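Asks:
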Amino acid sequence: MSCAAVDLGASSGRVILGRVGGGELTTTEVARFDNKPIRVPRGADDDRLHWDILRLYADVLAGLRRASELGPLDGIGIDSWAVDYGLLDAGGELLGNPIHYRDARTDGVLDQVRAELGARRIYATTGIQFMQINTLIQLVAARDSPALASARRLLLIPDLLCYWLTGEFGAEVTNASTTQLLDVGQRRWARELIRDAGIDEALLPRLREPGETIGVLAGSARDQLGGHATPVVAVGSHDTASAIVAVPATGTRFGYISCGTWSLVGLELAAPVLSEASRAANFTNELGVDGTTRYLRNVMGLWLLQESLRTWQSRGQQPEVVELLSGAAEAAPFRSLIDPDDPRFLAPGDMPARIAEVCRETGQPVPADRYQLVRCILESLALAYRRTLRTACELADREVDVLHIVGGGSRNELLCRWTADACGIPVVAGPVEATALGNLLVQARAVGAAGVGDLTAMRALVAATQDVHEYRPGGDIPAWDAAARRWSAIFER
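In terms of my numbering, the sequence shown opens at residue 13 and continues consecutively.
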């Protein structure tokens with residue numbers, strides 16, 4: 013089958029054409045485009061950070077046109093980042109550009125929601141870690157806004173784009189589970205919690221499972237894509253859900269990191285972990301494909317490096333990533349460490365200055381150059397991965413023999429090597445295009461491709477057809493253990 017995967021990340025989007033079935037799994041990138049937020053003034057001293065969703069939709073259509081020009085498509089699937097949404101009026105029209113999860117409107121609202129609804133109650137129902145970016149927190153922050161008062165429908169980003177392609181409303185369950193509005197044990201909306209939060213439950217559409225056909229191309233989208241009634245399939249529309257489908261694992265004793273702007277570190281389980289200890293550790297239970305649970309914790313990820321690069325570039329400096337990594341490898345180890353999840357690192361801005369501030373506050377040397385700063389970021393990420401993976405195993409009563417790193421971060425050899433050393437187990441890096449591959453596999457199964465009947469078969473096909481690299485622990489393990497103890501003493505909360 014020939015399918016098109018639309019994969020939208022927090023900084024860029026792609027359209028990937030794939031051929032799936034009969035032992036074949038190949039991909040061709042037919043379009044890539046930026047995804048840059050826009051600051052819109054709301055007054056002299058205030059602004060909002062928005063997604064440019066209309067331009068994204070235009071880029072998606074242009075990419076799908078290129079894919080369809082290479083031959084008829086058997087399916088289309090869309091995945092994206094989580095938690096953000098568009099609001100529609102009674103006529104189905106978008107009321108405004110979706111607000112970015114990094115916007116400051118949610119500052120301070122997380123504590124308000126925990127006080128109003130009860131942290132234990134929220135977690136026992138939704139199983140989702142507490143973050144100020146969650147949809148629940150965003151909606152409480154917007155309770156008195158004119159847009160929410162006028163809205164009749166709320167659609168998460170992939171569901172909004174699928175609605176524009178097909179005219180069909182719905183909410184795919186893997187992405188819906190990230191909102192903190194879903195009863196994770198029942199796989200349905202947590203309606204009582206939603207009402208008690210002061211949110212109109214009528215805003216939320218019918219839930220879909222991955223693999224359901226949403227509809228076929230309709231209206232102007234069908235006209236622009238050659239007039240074909242191509243099926244649009246609900247894939248694991250949270251990008252991490254699709255990425256975990258394409259982890260080339262055998263058996264169940266594996267951990268994973270979906271590594272990009274964010275790093276999602278965790279385990280695949282048969283059921284959620286809703287214990288008080290899990291809540292206290294701020295772990296999340298997101299739903300996965302084929303009834304699985306993604307038990308994980310968000311770590312800030314390569315956003316720290318990406319934002320540092322943007323800062324340097326804004327000053328007229330153009331450091332090459334290869335050069336930065338080479339210099340970081342030669343810099344003094346464990347000189348300065350940070351907690352990647354420090355809330356100060358969430359918003360766009362001068363990341364090197366923020367890292368320097370944390371180092372001064374904690375009595376550590378401030379990185380003296382770019383190489384030391386990059387080493388600080390990558391060593392701190394490896395230590396955060398170690399803590400998160402070990403805590404997940406303890407809370408879920410699970411042992412792992414191997415850690416899979418998928419996504420763009422799997423190309424960062426230095427990070428992969430240091431993660432193997434820090435965690436003390438082999439790291440298998442790749443595939444880079446795990447999200448697109450998982451997207452393609454789920455929709456190919458839905459439209460009848462052979463050899464992709466379940467997750468085991470899908471992962472076997474990935475392992476047989478994609479490039480991966482293994483990194484075994486081989487560095488100074490006692491030094492990593494000592495650094496982990498020091499890191500915990502400084503930053504554990």
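By construction, the Cβ of each residue, glycine as well, lies at the ideal position given by its N, Cα and C atoms.
Model, not experiment: these values are computed from the prediction.
In the DSSP assignment, the alpha helix (DSSP H) including P490 goes from what residue to what residue?
Replies: Along the sequence shown, read from residue 1 onward, the residue named residue 490 stands at position 478. Segment 489–503, the alpha helix (DSSP H) holding P490.
Asks: I'd like to know whether the C-beta atoms of R114 and P360 end up nearer to each other than 8 Å.
Replies: By one-based count along the sequence shown, residue 114 stands at place 102. By one-based count along the sequence shown, residue 360 stands at place 348. Yes; because the gap between Cβ atoms is below 8 Å, this pair is in contact.
Asks: In the DSSP assignment, the beta strand (DSSP E) including D19 goes from what residue to what residue?
Replies: Taking the sequence shown and counting its residues from 1, one reaches residue 19 at position 7. Where D19 is concerned, the enclosing beta strand (DSSP E) stretches over 14–20.
Asks: In this structure, how does DSSP classify E224 when only helix, strand and coil are distinguished?
Replies: As a working mapping, residue 224 is identified with position 212 in the sequence shown. E224 falls in the coil class under three-state DSSP.
Asks: Using a threshold of 8 Å, state whether the C-beta atoms of G420 and C271 are closer than that.
Replies: Locating residue 420 in the sequence shown gives position 408, where the first residue counts as 1. Locating residue 271 in the sequence shown gives position 259, where the first residue counts as 1. In this structure, C271 lies closer than 8 Å to G420 by Cβ.
Asks: Only counting the same chain, and skipping five residues up and downstream in sequence, which positions put a Cβ closer than 7 Å to that of Q455?
Replies: Working through the sequence shown from its first residue, we reach residue 455 at position 443. Excluding residues within five positions, the ones whose Cβ falls inside 7 Å are C15, G87, G89, V245, V247.
Asks: In angstroms, rounded to a whole number, what distance separates the CA positions of S189 and L29?
Replies: For the purposes of this step, residue 189 is identified with residue 177 of the sequence shown, where counting begins at 1. For the purposes of this step, residue 29 is identified with residue 17 of the sequence shown, where counting begins at 1. Their Cα atoms are separated by approximately 28 Å.
Asks: With 16 as the cutoff for other CB atoms within 10 Å, does I389 come out buried or exposed?
Replies: Counted from its first residue, the sequence shown places residue 389 at position 377. I389 should be labelled buried.
Asks: Once you ignore the five residues that flank E36 on each side, which residues in its own chain have a CB closer than 6 Å to its CB?
Replies: Taking the sequence shown and counting its residues from 1, the one referred to as residue 36 is at position 24. There are no such residues.
Asks: Provide the residue span of the beta strand (DSSP E) that contains E41, from first to last.
Replies: The residue given as residue 41 occupies position 29 in the sequence shown. Counting along the chain, the beta strand (DSSP E) containing E41 begins and ends at 36–46.
Asks: Is the Cβ of A258 closer than 8 Å to any Cβ of chain B?
Replies: No chain B appears in the structure shown, which is made up of a single protein chain.
Asks: Could you give the distance in angstroms between the alpha-carbon of R126 and the alpha-carbon of I134?
Replies: Residue mapping note: residue 126 aligns to position 114 of the sequence shown, counting from 1. Residue mapping note: residue 134 aligns to position 122 of the sequence shown, counting from 1. Cα to Cα, the separation comes out at about 8 Å.
Asks: Would the beta-carbon of V474 fall within 8 Å of that of P170?
Replies: Within the sequence shown, residue 474 is the residue found at index 462, counting from 1. Within the sequence shown, residue 170 is the residue found at index 158, counting from 1. For V474 and P170, no; Cβs fall outside 8 Å.
Asks: Using only alpha-carbon positions, find the residue among G238, D101, S249, H112 that is nearest to N47.
Replies: Walking along the sequence shown from the start, residue 47 turns up at place 35. Among G238, D101, S249, H112, the Cα nearest to that of N47 belongs to H112.
Asks: What's the call for V334, buried or exposed, on a 16-neighbour Cβ count within 10 Å?
Replies: Within the sequence shown, the letter at position 322 stands for residue 334. It is exposed - the Cβ of V334 has fewer than 16 other Cβ atoms within 10 Å.
Asks: For the beta strand (DSSP E) holding G139, just list the boundary residues, first then last.
Replies: Working through the sequence shown from its first residue, we reach residue 139 at position 127. First-last for G139: undefined, no H or E at that position.
Asks: Any idea which residues DSSP pairs C271 with across the strands?
Replies: Position 259 of the sequence shown, counted from the start, is the residue given in the question as residue 271. Paired residues: S275.
Asks: Mapping the DSSP letters down to three states, classify R486 as helix, strand or coil.
Replies: Residue numbering aside, residue 486 sits at position 474 when the sequence shown is read from its first letter. With the sequence shown as reference, residue 486 is identified as Gly, and Arg is not the correct amino acid for it. Coil.
Asks: Quick one: what's got a C-beta closer than 6 Å to Y383's C-beta in the same chain, skipping five residues either side?
Replies: As a working mapping, residue 383 is identified with position 371 in the sequence shown. The residues are G339, A340, A343.
Asks: Determine whether the beta carbon atoms of D302 and D91 lie at a separation below 8 Å.
Replies: On the sequence shown, position 290 is the one that residue 302 refers to. On the sequence shown, position 79 is the one that residue 91 refers to. For D302 and D91, no; Cβs fall outside 8 Å.
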